[in-house]
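Engineer: Please see the structure below; I have some questions.
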Amino acid sequence: MSAIKFYFALLFSACLWMNTASVNAADKIDTTKETSRLVKVLNSNNDTYTKAMACRRLAAIGDQSTVESIAKYLGDEKLATYARSALENIPGKAASAALRTALKNVKGNQLVGVINSISKRKDSQATADLIPLLSDKNAKVAIAAAHALGSIGTKPAAKALQTAIGKGDAIVQREVGFGCLMCARSLAKQGDNKTAIALTQAVNQANLPKNIKLAATQLTIVLKGKSGLGLLATELKTENLQRFRSALQAARDLGKISTPTLIDVYKTLSDERKALIIAALSLSHDPTALPLIREAATKGAGPLKLQAIYALGELAPTLNENAQLQVLKDLFGQAKQNHLEIVTAAQAVIAKLASNQPSEKVKAFIIANTNQLVESETLQQQLAGIQLAGACRISSATPAMLKLAQHSNADVKQAAIKALGGTTSSADLPQLIALALKSANDPTTGDALKAAGSRLPLEKTANTLAAAMQDASIEQKQLLLNQLAALGGATALKTVVAAAHSNEDALQNTATDLLGKWVSIDVAPPLLELANNLENSKYKIRSLRGYIRVARQLNMTPAQRLEVCRNTLAVAERNDEKKLVFEVLRRYPNPLAVNYTTSLLKDKQLNVPASATIVSWAERGTPIDADLLQNALQQVVATTSNENLKQRAAQQQARIQTQAKQDEQGLGFQSLFDGKSFTGWHGNEKIFRIQNGEIVAGSLEKMVERNEFLRSNKEYDDFELKLEFKLLGEKTNAGVQIRTAEIPDHHEVIGYQADLGHGYWGCLYDESRRKKILAGPPKDQRDIPVRMNDWNSYRIRCAGPRIQIWINGVQTVDFTEEDPQIPLKGIIALQIHGNLINQAHYRNVRLREL
Amino acid sequence: MTNKSTLNRRNFMKTAAAASTVFSVPTIIPGTALGLNGTVAPSERIILGGIGIRRRGGYVLGHMLEQPDVRFAAIADVRADQRKTVKAMADKQNGDTKCDTYRDFRELLARDDIDAVLIATGDRWHATASMMAAEAGKDVYSEKPCAISIELARRLQQTIQRTGRVFQAGTQRRNVSNFAHASKLAQTGQLGKIHTVHSSIYQLIDRHDWLPAQPEPDPNVIDWNMWLGPAPWRPYNRAYVEGAWRGHYDFDSGAKLLDWGAHTLDICQWALDADHTMPVTYEPKDVPDDNVIECEYENGIKLVMRRNGWMGLGTCPVRFEGEAGWVETGDSGQTAVSSDQLRASLPSPSSIPGTSPKFHVRDFFNCVKTRSKPAANEDVMARSHIACHAAAIAWKLGRKVKFDPVTEEFVNDDEANRMRSRAMREPWTV
């Protein structure tokens with residue numbers, strides 16, 4: 001069950017400490033061990049960082065026994081916050097008590113922190129200790145105490161706060177006021193509305209800053225409910241804008257019960273405030289407000305009318321059919337007005353209603369009234385009708401629009417063309433295309449065609465546009481290509497690619513430009529093909545840039561992306577395009593990309609950008625397997641001639657190494673090989689020996705006669721094993737046995753092998769049992785993650801029936817055993833294969849049990 | 001507050017969703033026209049202040065400055081260069097030199113004339129500064145992620161409520177038409193019964209290391225203590241201030257999951273009419289080169305957070321799948337649907353990308369005036385942020401967690417519950 005836990009733990013070295021927390025009983029033992037280790041850290045002379053991280057981890061796993069060691073840091077300027085995070089989260093009385101004690105020992109800013117932690121824990125036992133702090137000389141302390149009492153929110157806390165009103169300086173008073181309101185909220189939540197209202201009223205009557213009094217009044221109204229409507233009316237009638245707004249907000253919180261009050265005060269107010277009332281009424285979706293809003297929408301002046309029209313749009317979708325028809329009648333009335341803003345508003349609201357799945361009757365009403373406007377003899381009304389026909393997508397209006405698109409009045413003509421974007425159906429599309437081709441330079445027709453295309457059936461539209469290419473002029477073809485590109489899809493792509501291959505420079509120009517912005521990845525193969533084969537170097541380069549852009553911006557699998565990078569580097573002649581490849585690699589740092597980038601270090605020309613990419617990953621804290629990244633950085637240090645990058649790489653490598661060590665320690669990894677002796681192991685020591693702290697097996701001069709295994713003395717069931725290996729020889733074979741059994745008096749063993757060597761890298765082989773590969777990458781891909789003749793990291797994880805293997809961070813196996821007869825426990829053994837002249841090196845073998 | 005029936009609203013809406021090819025033009029129209037009617041009297045203007053404004057903040061501020069009824073009066077920033085840049089921007093728009101600058105935003109909040117603030121610091125500051133602004137009586141537009149922990153998200157919501165302020169989270173896609181339309185397709189049953197929604201996230205990073213210590217700069221140039229704010233102490237390094245704070249646990253939200261998740265999970269909640277609730281289980285999946293987290297709502301609908309497998313419709317994509325079809329959309333403004341029938345209802349191509357806060361800031365200012373709730377108000381924000389944090393916690397733990405949307409606690413899970421909050425550095429108090 002903790003498979004993923006592990007996976008992420010490894011990937012994100014920096015957060016490892018978090019992943020070790022307890023999940024099941026078995027892990028709990030580890031937590032106890034870890035807890036005592038962390039307590040030791042806090043009681044030692046470790047540096048600030050180490051202690052900070054110990055506190056952080058204890059916030060997640062610490063228990064009462066850790067409290068004392070953490071509380072020591074409550075007065076520490078740098079560590080107090082870390083300590084408080086822990087104490088705020090550790091359950092039980094000890095943490096609360098430690099914080100209360102600190103109230104007396106800690107001073108200044110750190111005391112404020114302690115009070116805030118008590119506030120977070122809502123520790124009502126601290127009430128008595130907090131009360132005197134309300135009048136502390138340090139305003140920050142007093143403020144924190146007010147907040148804490150507010151957060152505790154009990155009756156005694158409320159009483160203390162209420163008593164403190166009117167004492168102390170203004171800034172503290174403000175917080176005391178808010179503390180009261182916090183208490184009022186929590187008391188109301190507990191059902192004690194009476195005390196809550198008494199509190200809000202006390203705040204309201206006190207000499208406090210106006211924003212608190214406003215908040216108090218607002219809360220009083222809301223808490224009182226129906227009996228607060230009188231107060232609501234008073235507040236709404238006040239001159240003061242802030243009070244009015246605050247009351248409006250209370251009305252909103254009350255919901256529909258406030259409607260009669262709002263309607264009632266409406267007539268007493270200025271137009272400006274009437275408009276605000278109208279907005280509030282519409283938002284409560286109360287149909288009883290409809291008559292008032294309709295009146296304002298038809299008879300109101302200027303801004304009030306405008307507001308009311310929008311309010312109708314807000315209210316209308318919730319109305320019944322008849323009421324909707326009345327509203328529409330009003331709106332069409334307003335659409336005939338001579339006032340541009342009013343007309344625009346009415347149109348927008350009608351269009352909104354039209355888009356809201358209206359009933360047949362409503363639909364018919366909209367169509368009839370729109371047509372009427374279109375046929376109107378008044379220019380303004382006709383224009384309004386045309387715009388509405390387009391916005392409401394009334395397809396029956398298309399013939400009329402096509403006719404009006406030839407109108408002598410420029411405004412009518414433009415409006416009709418625009419409307420065609422909304423009205424044109426598939427059947428009418430050729431006519432709109434013809435219109436667009438006739439005036440290829442007119443953006444209005446182009447936009448209309450685009451608008452139609454965006455909602456009409458995709459392939460059908462594309463075919464119609466592609467067919468129009470046939471007899472078109474170059475300029476017209478360019479327009480059609482743009483339209484096709486906006487559409488996308490298979491037909492569009494085919495047509496644009498064909499244009500890129502044409503003999504016409506202008507078309508090539510347009511087509512390669514459009515392909516460079518294509519939004520689906522099926523554009524990649526044709527772009528590569530164009531980059532390889534076009535003669536014109538400008539378009540060739542453009543195609544290549546478009547090709548690498550696909551990997552940068554569009555969705556691809558890691559393998560697809562890597563292929564694009566490889567292909568681009570193979571084709572690119574200029575550094576500009578090569579650089580783009582590294583931008584892709586930097587953005588998508590999966591293990592394959594890291595290994596690939598590392599491999600590019602060998603290329604002198606590419607060493608610097610590859611180094612920069614690797615260093616950038618490290619500096620940004622990009623989640624990459626620590627072993628993998630460390631190796632990449634090490635290779636940067638070894639290969640790059642750029643001093644700056646070399647130095648930064650070395651710095652990052654040191655950082656990651658330290659971090660990874662700490663993380664592994666936190667996870668409970670233990671070394672299985674001390675670098676000096678075979679303690680804990682047994683096997684043929686003629687074949688297996690220790691050199692330079694490495695385990696070495698086999699020979700490069702003499703053939704190894706038979707399979708030999710260095711076996712662990714101990715058996716393991718669920719575990720994670722990490723080691724490094726290096727295989728030398730022309731043809732190599734070795735591996736790591738897991739969950740394996742010894743065969744008495746025999747050189748062979750029986751069990752799973754995480755295989756290594758030519759043809760078998762990273763495969764799971766069943767040694768002496770089923771004698772076959774159980775899982776692994778496809779044959780031709782097994783070499784990919786391996787650094788030949790060099791050190792590689794190997795990671796093997798066994799949890800229940802599941803076995804997973806990674807080489808250099810790249811997962812090669814995820815296998816689940818289905819045969820219940822096969823044992824899931826056994827020894828670990830390092831192999832050297834017989835019948836080969838080869839040598840295996842192993843080092844840094846460590847394991848943690850799960 | 002928790003109205004479970006809304007999740008069923010879709011079923012009844014479905015019958016109303018006749019396949020209409022003629023009528024379906026979704027448009028985002030302002031709920032109110034306030035402030036759009038040309039000139040506004042100076043006394044009726046909203047006076048705005050800014051806290052911590054750099055790249056994203058500058059983009060949002062640009063849209064705010066365009067509003068005829070808004071005047072930007074003051075900028076507070078811990079960086080001298082940013083104070084200068086933002087002042088220049090505001091003065092140019094205002095046609096004077098009156099934009100005030102502060103190093104400490106508390107001075108800005110103490111001003112009586114300021115009605116509202118734009119908060120665009122890094123994540124570590126958002127909730128604290130928002131709450132302090134609310135308590136000082138200001139309405140708040142805060143960039144996302146608005147809270148660095150579950151506990152702060154809820155506390156922010158409560159503070160906004162208690163102080164009677166208007167709050168808008170900078171999750172502007174709630175006011176961008178292609179996202180609105182995609183959500184509408186799901187809400188109105190045009191996709192059939194929804195079974196899975198997908199929310200894109202970016203690469204997750206959870207760093208706990210400290211960059212090498214550098215000498216602290218002159219606080220008049222960069223005020224490091226103030227930059228850290230409520231985050232725990234650590235030694236100064238210039239790179240943090242230049243943006244390298246991202247991915248660091250103390251400064252970032254939910255191992256960076258909220259960077260996109262605060263937007264995309266939020267849109268999924270919207271599409272499902274689930275603003276009153278959130279998924280009840282969160283399970284990280286072992287998918288190579290991805291961070292897949294599968295979540296499930298109480299009614300069985302799945303929400304999948306993932307990095308890969310998107311169609312290429314721009315950043316922050318979402319996808320909704322139902323028994324009758326699917327829709328996918330992203331920041332490019334383009335929308336892909338499963339059938340020509342769904343295609344017929346698509347709005348005309350919009351030139352407003354998903355990153356644009358054009359309508360979102362207007363929504364905010366309208367609500368400042370009408371005291372109504374903007375699209376990404378504190379309630380909406382709290383739920384989607386908390387759900388994102390729950391997902392991030394599941395990912396950090398590497399195992400499935402159960403969450404109770406009412407108590408906002410993980411179910412019988414001490415370990416996860418202890419990851420819901422962190423301490424705020426002394427002496428910050430909210």
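Protein chains in written order, with our numbering: chain C, 1 to 850; chain L, 1 to 430. C-beta: ideal position from N, C-alpha, C; glycine also. Since the structure is predicted, the reported quantities are computational estimates derived from the model, not experimental observations.
Going along the chain, which residues of its own chain have a beta-carbon closer than 6 Å to the beta-carbon of residue 427 of chain L, five neighbours each way excluded?
Structural biologist: Within the second sequence, residue 427 of chain L is the residue found at index 427, counting from 1. For residue 427 of chain L, where only same-chain residues beyond five positions count, there are no Cβ hits under 6 Å.
Engineer: Using a Cβ-Cβ cut-off of less than 8 Å, list which residues of the segment 131-142 of chain L approach chain C; keep chain order.
Structural biologist: Correct list: 135, 136 and 137.
Engineer: Secondary structure at residue 321 of chain L, three-state DSSP: helix, strand or coil?
Structural biologist: On the second sequence, residue 321 of chain L is found 321 positions in, with the first residue counted as 1. Strand, per DSSP.
Engineer: Between L:68, L:224 and L:208, which has its C-alpha nearest residue 214 of chain L's C-alpha?
Structural biologist: Against the second sequence, residue 214 of chain L aligns to sequence position 214. The option with the nearest alpha carbon to residue 214 of chain L is L:224.
Engineer: Is the CB of residue 382 of chain C under 8 Å away from at least one CB in chain L?
Structural biologist: Counting from 1 along the first sequence, the entry for residue 382 of chain C is found at position 382. By this cut-off, residue 382 of chain C is not an interface position.
Engineer: Residue 139 of chain L lies in the beta strand (DSSP E); which residues open and close that run?
Structural biologist: Within the second sequence, numbered from 1, the residue matching residue 139 of chain L stands at position 139. Where residue 139 of chain L is concerned, the enclosing beta strand (DSSP E) stretches over 139-142.
Engineer: If we count the other Cβ atoms within 10 Å of its Cβ and call it buried at 16 or more, is residue 423 of chain L buried or exposed?
Structural biologist: As a working note, residue 423 of chain L is residue 423 in the second sequence. Residue 423 of chain L comes out buried.
Engineer: Please list the terminal residues of the continuous beta strand (DSSP E) segment that includes residue 289 of chain L.
Structural biologist: In the second sequence, the residue the question calls residue 289 of chain L occupies position 289. Note, residue 289 of chain L: premise wrong, no beta strand (DSSP E); not H, not E.
Engineer: Is it the case that the Cβ atoms of residue 80 of chain C and residue 108 of chain C are separated by a distance below 8 Å?
Structural biologist: Here residue 80 of chain C refers to the residue found at position 80 of the first sequence. Here residue 108 of chain C refers to the residue found at position 108 of the first sequence. Cβ atoms of residue 80 of chain C and residue 108 of chain C: not closer than 8 Å.
Engineer: Can you tell me where the alpha helix (DSSP H) holding residue 260 of chain L begins and where it ends?
Structural biologist: Counted from its first residue, the second sequence places residue 260 of chain L at position 260. Its alpha helix (DSSP H) spans residues 257-271.
Engineer: Quick one: measure Cβ to Cβ for residue 185 of chain L and residue 342 of chain L, integer angstroms, because I've assumed they're closer than 8 Å.
Structural biologist: Translated into the one-based positions of the second sequence, residue 185 of chain L becomes position 185. Translated into the one-based positions of the second sequence, residue 342 of chain L becomes position 342. Correct: roughly 7 Å between the Cβ atoms.
Engineer: Taking C-beta pairs closer than 7 Å, name the residues in chain C that residue 384 of chain L reaches, listed in chain order.
Structural biologist: Walking along the second sequence from the start, residue 384 of chain L turns up at place 384. Simply none; closest approach about 21 Å.
Engineer: Got a sec: is the Cβ-Cβ distance from residue 365 of chain C to anything in chain L below 8 Å?
Structural biologist: Position 365 of the first sequence, counting from 1, holds the residue named residue 365 of chain C. False, the Cβ-Cβ gap to chain L never drops below 8 Å.
Engineer: Whose CA, out of L:295, L:287 and L:288, lies closest to the CA of residue 278 of chain L?
Structural biologist: Within the second sequence, residue 278 of chain L is the residue found at index 278, counting from 1. It is L:295.
Engineer: Taking DSSP's pairing of strands, which residues face residue 829 of chain C in a bridge?
Structural biologist: By one-based count along the first sequence, residue 829 of chain C stands at place 829. Answer by DSSP bridge pairing, in chain order: C:711 and C:737.
Engineer: Could you compute how far the alpha carbon of residue 832 of chain C sits from the alpha carbon of residue 786 of chain C?
Structural biologist: Looking up residue 832 of chain C in the first sequence gives position 832. Looking up residue 786 of chain C in the first sequence gives position 786. In a straight line, the C-alpha of residue 832 of chain C is about 18 Å away from that of residue 786 of chain C.
Engineer: What separation, rounded to the nearest whole angstrom, lies between the Cα atoms of residue 25 of chain C and residue 802 of chain C?
Structural biologist: Locating residue 25 of chain C in the first sequence gives position 25, where the first residue counts as 1. Locating residue 802 of chain C in the first sequence gives position 802, where the first residue counts as 1. Confidence at residue 25 of chain C is low in this model, with a pLDDT of 36, below 50, so its placement is unreliable and the value that follows should be read with caution. Taking the straight line joining both Cα atoms gives about 20 Å.
Engineer: Just checking, does the segment 191-209 of chain L make contact with the segment 87-103 of chain L on the three C-beta pairs under 8 Å criterion?
Structural biologist: No: fewer than three Cβ pairs fall under 8 Å.
Engineer: Using a C-beta to C-beta distance shorter than 9 Å, which residues of chain L count as neighbours of residue 762 of chain C?
Structural biologist: On the first sequence, position 762 is the one that residue 762 of chain C refers to. The premise fails here: residue 762 of chain C is roughly 14 Å from chain L at the closest Cβ pair, so nothing lies under 9 Å.
Engineer: Step through the CB atoms of chain L and report whether any lies within less than 8 Å of the CB of residue 558 of chain C.
Structural biologist: For the purposes of this step, residue 558 of chain C is taken as the residue at position 558 of the first sequence. Taking Cβ atoms only, chain L reaches closer than 8 Å to residue 558 of chain C, which makes this a yes.
Engineer: Is DSSP giving residue 844 of chain C helix, strand or coil here?
Structural biologist: By one-based count along the first sequence, residue 844 of chain C stands at place 844. Of the three classes helix, strand and coil, the one that applies to residue 844 of chain C here is strand, per DSSP.
Engineer: Closest to residue 222 of chain L by CA distance: which of L:232, L:231, L:211 and L:236 is it?
Structural biologist: Position 222 of the second sequence, counted from the start, is the residue given in the question as residue 222 of chain L. Residue L:236 is the option with its Cα nearest to residue 222 of chain L.
Engineer: Which residues does DSSP list as the beta-bridge partners of residue 295 of chain L?
Structural biologist: Counting from 1 along the second sequence, the entry for residue 295 of chain L is found at position 295. Partner(s): L:282 and L:303.
Engineer: Just to confirm my understanding: we take residue 345 of chain C, look at its own chain, exclude 5 residues before and 5 after, and list those with CB closer than 7 Å. What are they?
Structural biologist: For the purposes of this step, residue 345 of chain C is taken as residue 345 along the first sequence, with counting starting at 1. If we look at residue 345 of chain C and ignore the five residues flanking it on each side, its Cβ neighbours are 306, 309 and 310.
Engineer: Taking 8 Å as the CB-CB limit, is residue 421 of chain C close to chain L?
Structural biologist: Along the first sequence, one-based indexing puts residue 421 of chain C at 421. Chain L contact via Cβ: present.
Engineer: Residues of chain L with CB closer than 7 Å to the CB of residue 554 of chain C, please, in chain order.
Structural biologist: Start at 1 with the first residue of the first sequence, and residue 554 of chain C comes out as number 554. The contacting residues are 312.
Engineer: In chain order, what residues of the same chain lie with their CB nearer than 6 Å to the CB of residue 126 of chain C, ignoring the 5 residues before and after it?
Structural biologist: The residue given as residue 126 of chain C occupies position 126 in the first sequence. Around residue 126 of chain C: 100 and 118.
Engineer: So, do the segment 728-742 of chain C and the segment 818-828 of chain C have three or more beta carbon pairs nearer to each other than 8 Å?
Structural biologist: Touching, yes.
Engineer: I'd like to know if residue 19 of chain C contacts chain L, where contact means its C-beta is closer than 8 Å to some C-beta of that chain.
Structural biologist: For the purposes of this step, residue 19 of chain C is identified with residue 19 of the first sequence, where counting begins at 1. Its pLDDT being 33, under 50, residue 19 of chain C is placed unreliably by the model, and nothing is read from it.
Engineer: Residue 126 of chain L touches chain C at which residues, Cβ-Cβ below 7 Å?
Structural biologist: Taking the first residue of the second sequence as position 1, residue 126 of chain L is located at position 126. Near residue 126 of chain L there are no residues of chain C at all, since even the closest Cβ is about 18 Å away, more than 7 Å.
Engineer: Between which two residues does the alpha helix (DSSP H) carrying residue 367 of chain C extend?
Structural biologist: For the purposes of this step, residue 367 of chain C is taken as the residue at position 367 of the first sequence. Its alpha helix (DSSP H) spans residues 360-374.
Engineer: What do you reckon, are the CB atoms on residue 291 of chain L and residue 204 of chain L nearer than 8 Å?
Structural biologist: Along the second sequence, read from residue 1 onward, the residue named residue 291 of chain L stands at position 291. Along the second sequence, read from residue 1 onward, the residue named residue 204 of chain L stands at position 204. Cβ distance < 8 Å, so residue 291 of chain L and residue 204 of chain L count as in contact.
Engineer: Would you be able to state if there are at least three C-beta pairs under 8 Å between the segment 508-528 of chain C and the segment 479-499 of chain C?
Structural biologist: Yes: at least three Cβ pairs fall under 8 Å.
Engineer: Along chain C, which residues have their Cβ under 9 Å away from the Cβ of residue 67 of chain L?
Structural biologist: Counted from its first residue, the second sequence places residue 67 of chain L at position 67. The contacting residues do not exist; residue 67 of chain L stays about 16 Å from chain C at best.
Engineer: Any Cβ of chain L within less than 8 Å of the Cβ of residue 84 of chain C?
Structural biologist: Locating residue 84 of chain C in the first sequence gives position 84, counting from the first residue. So, interface residue.
Engineer: Which runs of the alpha helix (DSSP H) at least 4 residues long sit entirely within the segment 211-243 of chain C? Give them in chain order.
Structural biologist: With a minimum length of 4 residues, the continuous alpha helix (DSSP H) runs that stay inside the segment 211-243 of chain C are 229-237.
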